[in-house]
Amino acid sequence: MASSGQDKTTADSTSGNDEQKKSSNIPDKVVQELNEAYKKHGKSGIIESVKEKLNEWKKVPLNIAITGSSGVGKSSYINALRGMTADDDGAAPVGVVETTASRTPYTHPENECFVLWDLPGVGSPNFPRDSYLEKIQFRRYDFFLVFSASRFTMNDKWLAQQIKQAGKHFYFIRTKIDLDISDNKKSHPITHSMVQVLQTVRSDCMTHLQNEGFTNPEVFIISNFDVNEFDFGQLSERLIKDAPDIKREALTLSLTNLTERIIRTKEKYLKKRIYIVSIASAAAAAVPIPGVGCSVDIAILLEEAVFYRQQLQLDEASFQENAAALNISVNELQRKLNLQSQIISFTSAGLLAFFASLGISNLSENILKLLLPIVGIVIASGISYGVQVHCLNKLLDIIVNDALRIHGEMTKISAKNAVDDIQTTQTEVKKVESE
Ligand SMILES: Nc1nc2c(ncn2[C@@H]2O[C@H](COP(=O)(O)OP(=O)(O)OP(=O)(O)O)[C@@H](O)[C@H]2O)c(=O)[nH]1
Ligand SMILES: [Mg+2]
66 MASSGQDKTT
76 ADSTSGNDEQ
86 KKSSNIPDKV
96 VQELNEAYKK
106 HGKSGIIESV
116 KEKLNEWKKV
126 PLNIAITGSS
136 GVGKSSYINA
146 LRGMTADDDG
156 AAPVGVVETT
166 ASRTPYTHPE
176 NECFVLWDLP
186 GVGSPNFPRD
196 SYLEKIQFRR
206 YDFFLVFSAS
216 RFTMNDKWLA
226 QQIKQAGKHF
236 YFIRTKIDLD
246 ISDNKKSHPI
256 THSMVQVLQT
266 VRSDCMTHLQ
276 NEGFTNPEVF
286 IISNFDVNEF
296 DFGQLSERLI
306 KDAPDIKREA
316 LTLSLTNLTE
326 RIIRTKEKYL
336 KKRIYIVSIA
346 SAAAAAVPIP
356 GVGCSVDIAI
366 LLEEAVFYRQ
376 QLQLDEASFQ
386 ENAAALNISV
396 NELQRKLNLQ
406 SQIISFTSAG
416 LLAFFASLGI
426 SNLSENILKL
436 LLPIVGIVIA
446 SGISYGVQVH
456 CLNKLLDIIV
466 NDALRIHGEM
476 TKISAKNAVD
486 DIQTTQTEVK
496 KVESE
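The sequence shown begins at 66 in the working numbering and counts up one residue at a time.
Rendered as structure tokens:
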């Protein structure tokens, strides 16, 4: 294999350049921009430009209005979505009396342009309906989430109508389902059925919204105290699906409550980044991969690897949280699932060792032929580019696979808890019947 890339600046022909663009999967516009950056500032120009591209998703503003009556759990939802409780620093204040008094933006910890607007409750003496829309600056939002708890109210109906008239999208979120279930259990100890409660609540919300002229209303039933249950995950998925194209990537990468579909969507966006990251790393080509004979910029690759791990919640802190949620120790979780990403050391040396272990010398011709889409950079960097695309893909596959396995385990445990719940109820019923 070729030795590490030095900048010999061998000019490529135009047809060669076309071939390069085809094999890189990078949009033409980006290739053009990178080529211009290289012409103007050499390798450092490419590296800067790539870094900017990788962080572009953080700059797309997405304004989400969190609205509804007072006390229905709007602020609690924002905290739950951000992976916080009301006691954490910077969390939205939550209270047993009217709490949110002015529109307050909460930025996502991983994306400052992903803004959740915590709005005061509509229809309270402080925020009557006739001045509410003006006070919350109604026109500023991309999406509306209308929150409701307990019964469907006149405020819910009014808000839905206003949003419809403005031609904006809204989702109806029914919170505090945990309370409805436990209350129903207390009032109907013999006939209680969680499924039945969920069905009744859902169909009640749907009927009210249909009566207001919404043919296909979207209703999500959630508990802010349990983001892995009910429709919390589906709601996050739905927001992504409906986000305008340009905002979808930003929204996806900002989400922290993983479902299988969110993991797969994150994978799609992270894969797209691989080609761009590899350009910067191949252009810099500073450190050789042991035993492979091609060089990379390990700092750029490590930053990206750490980003994958954090995006799919396999970093140390998230892994500990996952183990705690499953009620087992970190070691037990690792023993049980044998997660490959936990064996890799996320340091420069660890990552180089992982890449070297992939048996790169046996790579197929196709990968080695993957050409660096920058006119004027040496062939050796081109080989390094193909190798890096391959290595990052392998690393991402491992991380995605591990995230799916943890998610599968979480789902299994939730299902088991639900079955245990039913069994306990049945035992209680038998006990009551035999008395
Ligand atoms: N059981 C249960 N309680 C919840 C849930 N969501 C919120 N709460 C509780 O409901 C109360 C009100 O929650 P907030 O999040 O402050 O409600 P809000 O809609 O922001 O209220 P305002 O700011 O007054 O408009 C608090 O005591 C929360 O702990 C939920 O899903 N389940
Ligand atoms: Mg509030």
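Here a beta-carbon is modelled for each residue, glycine too, at the ideal position from N, C-alpha and C.
For a test of the three-state rule: what should DSSP assign to residue i, helix, strand or coil?
i      : result
Tyr334 : helix
Asn191 : coil
Ala130 : strand
Leu379 : coil
Asp10  : In the structure as shown, the chain starts at 66 and stops at 500, and residue 10 therefore has no counterpart that could be examined.
Lys73  : Reliability fails at Lys73, whose pLDDT of 33 lies under 50, so the model's placement of it is uncertain and no value is given.
Val352 : strand
Ser88  : Here the model assigns Ser88 a pLDDT of 45, short of 50, so the residue's position is not dependable, and the following value carries that caveat. Of the three classes helix, strand and coil, the one that applies to Ser88 here is helix, per DSSP.
Cys456 : helix
Ser410 : coil
Glu302 : helix
Glu294 : coil
Thr492 : helix
Phe384 : helix
Ser213 : strand
Cys270 : helix
Ser196 : helix
Ser394 : coil
Ser135 : coil
Glu474 : helix
Glu369 : helix
Glu177 : strand
Could you check if residue i belongs to the surroundings of ligand 1, using beta carbon to heavy atom distance under 7 Å?
i      : result
Val161 : yes
Lys241 : yes
Pro185 : yes
Gly212 : According to the sequence as given, residue 212 is Phe; it is not Gly. Flag set: Cβ of Phe212 near ligand 1.
Phe179 : no
Asn289 : yes
Ser135 : yes
Leu244 : yes
Could you check if residue i belongs to the surroundings of ligand 2, using beta carbon to heavy atom distance under 7 Å?
i      : result
Asp153 : no
Ser189 : no
Rounded to a whole number of angstroms, what is the C-alpha to C-alpha distance between residue i and residue j?
i      : j      : result
Tyr236 : Phe179 : 18 Å
Lys495 : Thr476 : 29 Å
Val260 : Asp245 : 12 Å
Pro126 : Gly473 : 32 Å
Lys104 : Asp93  : 16 Å
Pro282 : Leu304 : 14 Å
Glu163 : Leu210 : 19 Å
Lys229 : Ser109 : 50 Å
Ala364 : Phe372 : 12 Å
Gly70  : Gly155 : Because the pLDDT at Gly70 is just 34, under 50, the model does not fix this residue reliably, and the value given afterwards should be weighed accordingly. Roughly 47 Å between the two C-alpha positions.
Val454 : Glu381 : 26 Å
Lys86  : Ile464 : In this prediction, Lys86 has a pLDDT of 41, which is less than 50 and means its spatial position is unreliable; nothing more can be read from the coordinates.
Pro193 : Val115 : 50 Å
Ser413 : Ile111 : 22 Å
Ser88  : Asn458 : Per-residue confidence for Ser88 stands at a pLDDT of 45, beneath the threshold of 50, marking its modelled position as unreliable; no derived number is given.
Gly160 : Asn396 : 38 Å
Asp248 : Ser258 : 11 Å
Thr272 : Phe297 : 21 Å
Tyr206 : Asn191 : 22 Å
Asp72  : Gly107 : Note that Asp72 has pLDDT 35, beneath the 50 cutoff, so the model's placement of it is unreliable and the number below is only indicative. Roughly 10 Å between the two C-alpha positions.
Cys359 : Ser449 : 5 Å
Could you spell out where the alpha helix (DSSP H) holding residue i opens and where it closes?
i      : result
Phe420 : 413-421
Leu146 : 139-146
Tyr206 : No alpha helix (DSSP H) holds Tyr206; DSSP gives it neither H nor E.
Val161 : Per DSSP, Val161 belongs to no alpha helix (DSSP H) and is neither H nor E.
Ile112 : 93-119
Ile287 : Counting along the chain, Ile287 falls outside any alpha helix (DSSP H), and DSSP gives it neither H nor E.
Asp221 : 219-230
Does the Cβ of residue i lie closer than 7 Å to at least one heavy atom of ligand 4?
i      : result
Phe285 : No copy of ligand 4 appears in this structure; the ligands present are ligand 1 and ligand 2.
Which residue marks the beginning of the beta strand (DSSP E) containing residue i, and which one marks its end?
i      : result
Thr256 : Here Thr256 belongs to no beta strand (DSSP E), and DSSP marks it neither H nor E.
Arg239 : 234-239
Val125 : Run containing Val125: none; DSSP gives neither H nor E here.
Pro438 : Note, Pro438: premise wrong, no beta strand (DSSP E); not H, not E.
Pro169 : Before going on, a small fix: residue 169 reads as Thr here, not Pro. 169-173 is the span of the beta strand (DSSP E), which, as asked, contains Thr169.
Within 8 Å of any Cβ in chain B, is that where the Cβ of residue i sits?
i      : result
Gln226 : Protein chains in the displayed structure number just one, and chain B is not present.
Please write down, chain order preserved, every residue whose beta carbon lies under 6 Å from a heavy atom of ligand 2. This criterion selects Lys139, Ser140, Thr164, Thr165, Asp183.
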